[in-house]
Amino acid sequence: MEFLFYMDEVFAPMNFGLLLLGTIGGLILGATPGLSPTMAVALLIPFTFKLEPQQGLILLGAAYTSTVAGGAVSAILLKIPGAPANIATTLDGHAMALKGEGAKALQLSFISSAIGGVFGVLLLIFLTPVLAQWALSFGPSHLFWLAILGVTVIGTLDSSSVVKGLLSGCIGLWLATIGFDDIMGAQRFIFHSSVSGGINVIPALIGLFAIPQVIAMFAKGRQSNDAEVIVVQKHAVSEAFREVIKRKKALTIGTLIGSIIGLIPGVGGQIAGLVAYDQSKKFSSESEKFGTGHSEGVIAAEAANNAMVGPSLVPLLTLSIPGSPTAAVLLGGLLIHGIFPGPDLFINYPKVAWTFIDSMLIGQILMCVFGLYVAGLAASVARVPQSVMAAVVLGLAVFGSYSVQNTMGDVYVMGALGLSMYFLERFGFSAAPLVLGLILGPIAEANFIQGSMIANATVGTGTYFFTGWLNWLLIVIVVASVGYSVWMEVRNRRYTSKEEILS
Amino acid sequence: MKKFIAGAAIALVAMTTSAAAEGHGDFPERPVMLMVSYGAGGATDFQARIVTMTAGNDDALGMPVAIINKPGAGGRVGWNWLATQADADGYTLGAYNVPHFIAQSIKGGVEYSTDSFEPIANWGADPAVFVVGADSDFNSMADVIAYATANPGGLTFSGAGLFVGHHIAALQLEKAAGVKLAYIPNKSGGSGAMRAVIAGEVLGGVNNLSDAFRAREAGTVKILGVFDTARNSFMEDVPTMAEQGYDIDNASVNFRGVMVPKGTPQSVIDHLAATVPAMFENSRVASRMKAGGSPMNIMNRDEVLEMWAARQITLEALLSGL
Chain A
0 MEFLFYMDEV FAPMNFGLLL LGTIGGLILG ATPGLSPTMA VALLIPFTFK LEPQQGLILL
60 GAAYTSTVAG GAVSAILLKI PGAPANIATT LDGHAMALKG EGAKALQLSF ISSAIGGVFG
120 VLLLIFLTPV LAQWALSFGP SHLFWLAILG VTVIGTLDSS SVVKGLLSGC IGLWLATIGF
180 DDIMGAQRFI FHSSVSGGIN VIPALIGLFA IPQVIAMFAK GRQSNDAEVI VVQKHAVSEA
240 FREVIKRKKA LTIGTLIGSI IGLIPGVGGQ IAGLVAYDQS KKFSSESEKF GTGHSEGVIA
300 AEAANNAMVG PSLVPLLTLS IPGSPTAAVL LGGLLIHGIF PGPDLFINYP KVAWTFIDSM
360 LIGQILMCVF GLYVAGLAAS VARVPQSVMA AVVLGLAVFG SYSVQNTMGD VYVMGALGLS
420 MYFLERFGFS AAPLVLGLIL GPIAEANFIQ GSMIANATVG TGTYFFTGWL NWLLIVIVVA
480 SVGYSVWMEV RNRRYTSKEE ILS
Chain B
0 MKKFIAGAAI ALVAMTTSAA AEGHGDFPER PVMLMVSYGA GGATDFQARI VTMTAGNDDA
60 LGMPVAIINK PGAGGRVGWN WLATQADADG YTLGAYNVPH FIAQSIKGGV EYSTDSFEPI
120 ANWGADPAVF VVGADSDFNS MADVIAYATA NPGGLTFSGA GLFVGHHIAA LQLEKAAGVK
180 LAYIPNKSGG SGAMRAVIAG EVLGGVNNLS DAFRAREAGT VKILGVFDTA RNSFMEDVPT
240 MAEQGYDIDN ASVNFRGVMV PKGTPQSVID HLAATVPAMF ENSRVASRMK AGGSPMNIMN
300 RDEVLEMWAA RQITLEALLS GL
């Protein structure tokens with residue numbers, strides 16, 4: 000209960016001001032495509048030089064929390080995920096927005112974000128020593144199986160066709176091989192200097208999601224000036240709370256999966272949302288509604304990607320190993336004040352450590368309050384004419400891609416992938432499986448090669464990848480996941496008439 | 000929509016940490032850019048931000064230095080850019096990591112070599128160390144090598160990747176001890192390599208002295224030896240490899256410093272070479288670096304030129320067999 004003792008630190012005027020600044024700024028940065036949580040935190044570090052250690056961390060912690068949630072805004076309203084963590088939110092969130100339920104989707108996403116986020120931080124507060132051991136138990140073989148589990152999600156992610164989902168996943172896996180391979184030292188498919196560093200996920204994400212939208216918007220704008228205006232129905236906050244509570248299965252699945260995956264170093268929030276979305280779809284009694292603007296999809300995805308924030312800091316705070324890119328940036332923020340995270344962090348610097356964690360707790364709630372306010376403004380975004388919106392989104396897309404590594408190469412990559420995606424979408428392929436392939440490819444590959452290198456030097460590949468309960472648990476989940484998809488496919492087939500197949 | 004525009008504006012302001020420049024006749028007349036070929040928050044980026052924080056002072060450059068990150072492919076993306084696309088006018092500096100960029104240029108596939116750049120000054124030197132888990136049976140390098148001799152190719156140890164300091168150290172150890180070892184490069188860099196050691200996935204690891212120092216403070220690892228010519232002030236109790244009977248010099252030490260692309264006017268190079276080492280010596284810089292556990296080693300342009308030339312020869316010999 001030590002954390003309550005330092006709670007009043009958070010409400011000191013200066014600290015609370017920074018918390019507000021970090022939260023509001025984080026929401027805005029998060030909503031901007033291309034500004035991922037890692038980028039937002041890295042941009043803020045120079046500003047913490049002049050602050051006290053705990054003040055600097057309050058700012059960074061608040062920004063981390065709210066950029067993750069802020070990414071949902073553009074994911075829902077524009078179908079452009081602010082960061083990889085928000086990909087799953089686009090699936091049902093944007094479908095809801097198209098039905099005029101944009102405000103409702105935003106409210107649901109912020110409420111479930113806050114619930115998931117608070118749970119994650121509470122885990123960080125109470126279970127850190129236990130969780131630290133859990134975070135360490137994931138070796139290369141387990142990460143490999145976990146990535147394979149992610150791959151099994153690819154097929155079911157696209158609601159229209161499993162085959163097309165798998166095909167676009169394969170395109171993503173191929174794109175992931177481009178660039179220098181750090182383990183074998185090989186150069187693969189480097190046909191232009193823009194891709195010499197590989198395809199960066201953020202520009203790819205922006206291109207694949209935003210550019211087809213932009214082209215579609217321009218096309219509509221030309222057809223008629225008074226093209227369809229998306230209506231945004233008002234939605235009471237209290238009803239949104241009731242909806243979230245009603246959907247407690249999705250909320251629970253999202254929160255738990257987010258917390259568990261958040262702990263695993265190197266995988267983190269990028270796939271937490273997608274895995275949670277997939278699992279809640281499989282467990283839901285209304286699984287056929289997923290992808291058509293179903294509230295459970297938004298709730299599970301957003302609860303998961305915020306629940307992962309707290310646990311993702313466990314390896315950093317206890318073992319001094321950053322488990323995610325954002326945690327690595329936070330480590331820099333701690334070191335610059337001469338604070339070495341480790342098991343005695345809470346003994347040597349209790350004020351810094353607890354104030355930081357408390358501020359993340361309060362930050363989740365503030366984020367929810369401001370987020371609900373933003374949700375009320377959603378209507379004004381929908382009222383912007385399509386052609387104007389297209390220009391603004393295109394501008395943001397270029398800005399977002401350039402800012403990741405300060406290079407035009409990423410802008411070319413974004414444009415090229417976006418244009419290709421426009422045509423792929425016309426043939427019924429979708430972007431989410433492709434991005435998932437791009438994210439999972441390197442994780443699966445690197446861990447397989449690392450694992451087999453260790454295995455060859457020690458016990459042999461077969462033994463290394465197929466012993467231990469954790470390996471088997473993951474393998475069983477993979478088999479179950481594939482089996483379930485096949486079964487669903489076969490069962491649906493039975494009820495499909497010949498005319499439907501031919502049409 | 001206002002939110003998005005505001006977001007864009009805030010981000011733009013945040014990224015241009017430049018101040019208005021007027022009234023200076025001499026170089027530099029405007030803020031200077033320092034390209035870091037690793038991501039924001041990494042050790043090189045973190046140290047570059049600290050050592051340049053006093054650049055705006057009148058006794059230093061008199062102009063602020065803005066850090067621009069161009070990460071990718073283990074630094075190759077940034078250094079390729081600096082060698083081929085950057086303006087050689089003195090306003091574009093680059094941070095170097097030796098032996099990384101020299102080893103990469105020897106291995107090939109990149110558009111730079113030591114001849115593509117002109118060094119300005121060196122700020123830091125982070126030696127590689129050999130670490131094992133806190134509960135490991137190994138207590139000295141002799142134990143490690145004894146195990147490796149008994150199990151040829153069976154001693155697994157992690158490091159940050161290929162053609163980086165850790166890899167060089169691994170090659171040196173293999174050569175000096177005359178045994179075959181299983182070096183496992185880690186995709187997640189130094190922190191991933193350290194995690195593999197702590198979690199017991201590998202029997203040992205090569206890692207940065209600064210990170211190993213923190214891990215030892217945290218009680219998770221033992222440090223068995225330093226790949227350097229002398230003991231380090233952060234850990235006087237840890238012997239060097241040479242002291243333990245292995246003929247290993249400081250070729251794997253990760254030197255970090257500032258360079259400019261070839262073709263930068265000589266007057267500008269001279270001006271930078273005179274002012275930048277003094278800037279690194281600022282007491283505020285030193286205290287921040289010490290607090291962050293980052294060992295400093297300030298060298299002037301001539302010393303760096305000599306170090307680069309020496310590294311080129313050592314690394315060519317070491318990498319020729321690969």
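Residue numbers (numbering that gives the first Met the number 0), protein chains in the order written: chain A, 0 to 502; chain B, 0 to 321.
Even glycine gets a Cβ: it sits at the ideal position worked out from N, Cα and C.
- When only Cα atoms are considered, G341 (chain A) and A84 (chain A) end up about 27 angstroms apart.
- Only G152, G153, L154, T155, G160, L161, F162 from the stretch 148–177 of chain B bring a Cβ to less than 8 angstroms from some Cβ of chain A.
- T155 (chain B) is bridged by DSSP to B:A181.
- Residues of the stretch 79–111 of chain A with a C-beta atom less than 9 angstroms from some C-beta of chain B do not occur.
- Near chain A, meaning a CB-to-CB distance below 9 angstroms, the residues of the stretch 27–55 of chain B are M34, G38, A39, G40, G41, A42, D44, F45, R48, I49, M52.
- For a Cβ distance threshold of 8 angstroms, residue set S192, S195 of chain A lies close to N79 (chain B), ordered along the chain.
- Looking at the backbone, the Cα of I75 (chain A) and that of E100 (chain A) are separated by about 10 angstroms.
- Residues of the stretch 300–320 of chain A with a C-beta atom less than 9 angstroms from some C-beta of chain B are P314, T317, L318, S319, I320, listed in chain order.
- With respect to the 8 angstroms criterion, E301 (chain A) and G115 (chain A) are classified as neighbours on the basis of their beta carbons.
- The beta-bridge partner set that DSSP reports for R490 (chain A) is empty.
- Judged by their CB atoms, A104 (chain A) and G417 (chain A) are not nearer to each other than the 8 angstroms cut-off.
- Within chain B, the C-beta atoms nearer than 9 angstroms to that of F179 (chain A) come from G71, A72, G73, R75, V76, G108, in chain order.
- Scanning chain B for C-beta atoms nearer than 8 angstroms to the C-beta of Q404 (chain A) yields N68, K69, P70, G71, V76, reported in chain order.
- Between A30 (chain A) and G69 (chain A) a beta carbon distance of about 5 angstroms is seen, short of the 8 angstroms cut, so the two are scored as contacting.
- D125 (chain B) carries a strand assignment under DSSP once its states are collapsed to helix, strand and coil.
- Under DSSP, V237 (chain B) forms no beta bridge with any residue.
- Residue contact check for H336 (chain A) against chain B: a CB pair falls below 8 angstroms.
- Across the structure, M413 (chain A) and T88 (chain A) are spaced so that their CA atoms are roughly 21 angstroms apart.
- If you compare the alpha carbons of A:P139, A:L26, A:L50, A:P264 with that of S190 (chain B), the shortest gap goes to A:P264.
- For I183 (chain B), the chain A residues whose C-beta falls within less than 7 angstroms of its own C-beta are Q449, M452, I453, listed in chain order.
- Residue environment analysis places L321 (chain B) among the exposed positions, since fewer than 16 neighbouring C-beta atoms fall within 10 angstroms of its C-beta.
- DSSP, reduced to helix, strand and coil, places E242 (chain B) outside both helices and strands of the structure shown, so it counts as coil.
- In the structure shown, M62 (chain B) falls within a coil segment according to DSSP collapsed to helix, strand and coil.
- Scanning chain B for C-beta atoms nearer than 8 angstroms to the C-beta of Q186 (chain A) yields G108, reported in chain order.
- Between the stretch 93–107 of chain B and the stretch 185–200 of chain B there are fewer than three C-beta pairs closer than 8 angstroms, too few to call the two in contact.
- Within the DSSP secondary-structure output, Y95 (chain B) pairs in a beta bridge with B:G256.
- Interface flag for L135 (chain A) against chain B is set, since a Cβ pair is found closer than 8 angstroms.
- The beta carbon of P30 (chain B) lies closer than 6 angstroms to those of S17, M62, P63, A65 in the same chain, with the five residues before and after it left out.
- In terms of beta-carbon proximity, V328 (chain A) lines the interface with chain B, with at least one pair separated by less than 8 angstroms.
- According to DSSP, G203 (chain B) shares a beta bridge with B:F156.
- Rounded to the nearest whole angstrom, the C-alpha separation of L17 (chain A) and Y372 (chain A) is 20 angstroms.
- No Cβ-Cβ contact shorter than 8 angstroms links P52 (chain A) with R48 (chain B).
- By the Cβ neighbour-count rule, Q265 (chain B) is exposed, with fewer than 16 other Cβ atoms within 10 Å of its own.
- For K221 (chain B), the enclosing beta strand (DSSP E) starts and ends at 220–225.
- Shown here, R287 (chain B) sits in a helix according to DSSP, grouped into three states.
- Secondary structure note for V150 (chain A): its alpha helix (DSSP H) is the uninterrupted segment 139–156.
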